[in-house]
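Peer 1:
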Ligand SMILES: Nc1nc2c(ncn2[C@@H]2O[C@H](COP(=O)(O)OP(=O)(O)O)[C@@H](O)[C@H]2O)c(=O)[nH]1
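Residue numbers (this note's numbering), protein chains in the order written: chain A, 8 to 419; chain B, 41 to 310.
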């Protein structure tokens with residue numbers, strides 16, 4: 008069997024709704040647990056005075072075990088007959104939202120877990136909102152702990168309709184809604200015998216239906232310059248092709264300088280090549296001697312991203328210190344890094360309830376989303392997030408730390 | 041590119057991107073080479089990233105208890121690949137006769153962690169490239185790609201910076217250095233598949249002799265071999281696909297105490 012590409016997915020949801028248990032169950036049902044690991048979990052569970060808890064597998068840190076909460080992003084591997092998976096376990100606790108975002112930003116699909124008894128809670132909503140902001144399109148909703156509601160169809164429908172209303176308002180259309188019990192295994196690998204009324208796929212079947220992110224090959228070329236090396240008196244520019252493809256001889260345009268030249272060579276160590284496509288890290292030289300720098304964007308004349316110094320964005324603040332509008336920030340978008348300020352905060356939004364906190368504000372608190380206008384000191388090459396994610400998303404840096412993430416909604 | 045872009049290509053490109061990102065951010069970088077399969081793969085990727093000429097030092101922390109094969113391998117390829125190799129030891133601890141017979145924990149701490157601290161202080165490295173993988177050990181799953189360590193080398197795993205869309209943390213003033221982990225998303229079997237595809241040399245210890253081989257290599261005194269007849273990469277890959285024993289089960293650090301690894305690691309262990 009060739010090493011086919013695994014699917015990366017994240018499991019999100021409110022704390023205690025059953026993420027860790029579900030993951031443990033998946034590992035168990037797919038026979039992915041090494042006997043020494045299983046023995047370790049049994050031993051630890053016993054030491055902590057509990058029955059075998061699958062959750063201990065993931066919550067691998069001492070303190071975490073004691074507190075009983077998942078605190079960071081963990082990756083777990085398993086496979087079904089169809090393919091391999093990487094699960095990114097995202098913590099449900101509010102303090103760890105930035106870990107949840109870290110996890111979810113690496114995922115191609117998301118599983119949203121909701122407790123059948125508790126229904127939609129604060130983090131259920133906030134996490135869903137983050138999924139929508141991160142541009143995740145494939146979502147499976149599982150309603151967990153069905154054993155605690157007597158496997159009742161009415162309760163399932165009730166919770167589904169609550170969550171559907173909310174997801175609809177943030178533009179997420181889930182692929183599946185599945186009633187499960189992580190602890191008992193209902194509808195995980197095998198169809199539940201307790202829920203005859205449910206005719207849909209099991210959780211594992213639903214995963215097998217999800218798709219890997221397509222490469223951006225068909226889009227217009229975007230190649231951000233990452234660095235320039237001098238090797239044996241030759242200047243080699245390096246970067247990762249974020250969209251499209253290039254080959255030797257192609258005419259290119261360099262932003263923001265607007266210089267035009269052509270590709271002289273495509274360079275890879277130990278490989279003879281004259282072309283490369285989206286996803287590849289390459290070196291290249293140009294026909295004219297232009298001096299490139301980190302942050303330059305290589306594109307094709309007539310298909311350029313917009314070069315501007317003002318745009319509209321949704322910005323998610325994730326630092327305990329609140330943001331005040333006088334503060335200068337550094338924006339990083341692909342390899343571009345430019346000083347900027349937030350000109351206006353048109354709306355301040357609570358990321359859990361999605362309620363408007365304030366209009367025309369001058370600050371953002373931790374975990375609030377701002378609809379903002381950003382002004383950069385120098386021109387920046389961007390696209391709308393809905394067009395090309397790689398040039399439509401950014402992070403903000405303050406005192407060397409990433410304090411916010413955002414997506415570009417409108418170009419000026 | 042003639043081959044279609046597969047899983048290994050994806051991993052390779054992601055790693056090269058991270059290695060270049062680390063060099064672009066810091067310049068004063070070193071690659072920590074334990075001479076095992078992972079850090080040798082990392083070296084291979086760094087050679088690709090810099091077209092055969094790694095522009096920073098390669099650091100080997102020498103506990104003096106490594107297998108002879110490891111030293112031979114190191115010297116051979118340091119020469120062949122034109123590496124700027126720095127070998128660092130905790131000379132005081134070596135002189136005082138530190139060894140696993142005293143205490144395994146203290147030996148690891150003195151000979152590895154303290155030796156590494158000394159080397160970083162001496163050479164003023166701002167970032168270290170490490171070949172750790174998430175699937176190695178539970179605690180490693182908590183790692184970020186760019187992971188800050190403070191001046192006491194401590195890893196504050198509870199309050200890690202967010203990492204999204206391949207945007208990584210840069211160094212802040214109060215922090216000692218950053219650890220960069222380009223192989224975080226690789227699995228053990230990916231490493232072997234890649235070693236085979238690229239024909240990367242690895243020490244002979246990994247291949248079975250007389251029914252035993254090492255899955256993970258470190259110090260001669262604290263590494264146990266596993267039962268195995270896998271004397272080729274293909275057989276190793278086959279073995280990994282069927283085995284249920286986890287990779288580091290031969291390692292003393294992991295077994296001795298349930299949390300020894302965590303304690304070592306929060307003290308700055310690799
Ligand atoms: N009855 C029942 N309890 C569950 C189920 N899934 C999880 N739990 C329990 O709910 C609690 C929280 O589960 P955990 O997996 O740690 O939640 P997490 O915080 O989302 O990772 C634990 O006590 C689990 O045993 C389920 O399907 N049925």
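Yeah, the Cβ is synthetic: ideal placement off N, Cα and C, and Gly gets one too.
Using a Cβ-Cβ distance cut-off of 7 Å, determine whether residue 231/B contacts chain A.
Peer 2: Not closer than 7 Å to any Cβ of chain A, the Cβ of residue 231/B fails to qualify, so no.
Peer 1: State yes or no: is the beta carbon of residue 205/B nearer than 7 Å to at least one beta carbon in chain A?
Peer 2: Yes, contact with chain A.
Peer 1: For residue 118/B, name the three-state secondary structure that DSSP assigns.
Peer 2: Here residue 118/B sits in helix by DSSP.
Peer 1: Output, in sequence order along the chain, the residues in the stretch 67-92 of chain B whose CB is closer than 8 Å to any CB in chain A.
Peer 2: Taking 8 Å as the Cβ-Cβ cut-off against chain A, the residues of the stretch 67-92 of chain B that qualify are 87, 88, 89, 90, 91, 92.
Peer 1: Is there a C-beta anywhere in chain A that falls below 7 Å from the one on residue 56/B?
Peer 2: Yes, because at least one Cβ of chain A sits closer than 7 Å to the Cβ of residue 56/B.
Peer 1: In whole angstroms, what separates the C-alpha of residue 125/B from that of residue 160/B?
Peer 2: Distance between the alpha carbons of residue 125/B and residue 160/B is about 14 Å.
Peer 1: When the Cα of residue 50/B is compared with those of 136/A, 242/A, 286/A, which residue comes out closest?
Peer 2: Per the Cα distances, 286/A.
Peer 1: Using a cut-off of 7 Å between C-beta atoms, extract the partners of residue 210/B located in chain A.
Peer 2: Those are 407, listed as they occur along chain A.
Peer 1: In this structure, how does DSSP classify residue 352/A when only helix, strand and coil are distinguished?
Peer 2: Residue 352/A: strand per DSSP, three-state reduction.
Peer 1: With 16 other CB atoms within 10 Å as the buried threshold, where does residue 119/A fall?
Peer 2: Burial call: buried.
Peer 1: Would you kindly check if the distance between the Cβ of residue 231/A and the Cβ of residue 342/A is under 7 Å?
Peer 2: In contact: residue 342/A and residue 231/A (Cβ atoms closer than 7 Å).
Peer 1: Residue 153/A lies in the alpha helix (DSSP H); which residues open and close that run?
Peer 2: Here residue 153/A belongs to no alpha helix (DSSP H), and DSSP marks it neither H nor E.
Peer 1: Would you check whether ligand 1 has a heavy atom nearer than 6 Å to the C-beta of residue 23/A?
Peer 2: Yes, ligand 1 has a heavy atom inside 6 Å of this Cβ.
Peer 1: Which residues bound the alpha helix (DSSP H) around residue 292/A?
Peer 2: Segment 288-293 is the beta strand (DSSP E) holding residue 292/A; no alpha helix (DSSP H) there.
Peer 1: Considering only the beta carbon of each residue, do residue 260/B and residue 270/B sit closer than 7 Å?
Peer 2: No, these two residues do not count as a Cβ contact at 7 Å.
Peer 1: Taking 6 Å as the cut-off, is the C-beta of residue 130/B nearer than that to any heavy atom in ligand 1?
Peer 2: Residue 130/B: no, Cβ never under 6 Å from ligand 1.
Peer 1: Provide the residue(s) that pair with residue 187/B in DSSP beta bridges, ordered along the chain.
Peer 2: DSSP output for residue 187/B lists 219/B as bridge partner(s).
Peer 1: With DSSP as the reference, label residue 26/A as helix, strand or coil.
Peer 2: DSSP places residue 26/A in helix when its eight states are reduced to three.
Peer 1: Given residue 66/B, which residues of its chain have a CB within under 6 Å of its CB, disregarding the five upstream and five downstream residues?
Peer 2: Closer than 6 Å at the Cβ level, and outside the excluded window around residue 66/B, lie 166, 167.
Peer 1: Just curious, the alpha helix (DSSP H) that residue 39/A is in, first and last residue?
Peer 2: First-last for residue 39/A: undefined, no H or E at that position.
Peer 1: When the distance is taken between beta carbons, is residue 288/A closer than 7 Å to residue 96/B?
Peer 2: No, these two residues do not count as a Cβ contact at 7 Å.
Peer 1: Which whole runs of the beta strand (DSSP E) in the stretch 188-259 of chain A are 3 residues long or more, in chain order?
Peer 2: Counting only runs of 3 or more, we get 230-238, 241-247, 252-254.
Peer 1: Applying a beta-carbon distance threshold of less than 8 Å, which residues of chain A neighbour residue 50/B?
Peer 2: Here the neighbours are 12, 286.
Peer 1: Smallest Cα separation from residue 257/B: which of 73/B, 115/B, 225/B?
Peer 2: Measuring from the Cα of residue 257/B, the nearest candidate turns out to be 73/B.
Peer 1: Check whether the Cβ of residue 157/A lies closer than 6 Å to any heavy atom of ligand 1, and answer yes or no.
Peer 2: Every heavy atom of ligand 1 is 6 Å or more from the Cβ of residue 157/A, so no.
Peer 1: Return the first residue and the last residue of the alpha helix (DSSP H) that residue 247/B is part of.
Peer 2: First-last for residue 247/B: undefined, no H or E at that position.
Peer 1: Run through DSSP, which three-state label would residue 145/B get?
Peer 2: Helix, per DSSP.
Peer 1: First and last residue of the beta strand (DSSP E) that includes residue 337/A?
Peer 2: Looking at the DSSP string, the run of the beta strand (DSSP E) that includes residue 337/A is 336-340.
Peer 1: Quick one: give me the first and last residue of the alpha helix (DSSP H) that residue 313/B is part of.
Peer 2: What the structure shows of chain B is the stretch from 41 to 310, and residue 313/B is not part of that stretch, so it cannot be assessed.
Peer 1: Should residue 221/A be labelled buried (16 or more other beta-carbon atoms within 10 Å of its own) or exposed?
Peer 2: By the 10 Å Cβ count, residue 221/A comes out exposed.
Peer 1: Give the single residue among 149/A, 39/A, 225/A whose Cα lies nearest to the Cα of residue 21/A.
Peer 2: The option with the nearest alpha carbon to residue 21/A is 149/A.
Peer 1: Can you tell me where the beta strand (DSSP E) holding residue 205/B begins and where it ends?
Peer 2: That residue, residue 205/B, is in no beta strand (DSSP E); it is neither H nor E in DSSP.
Peer 1: Secondary structure at residue 99/B, three-state DSSP: helix, strand or coil?
Peer 2: Strand at residue 99/B.
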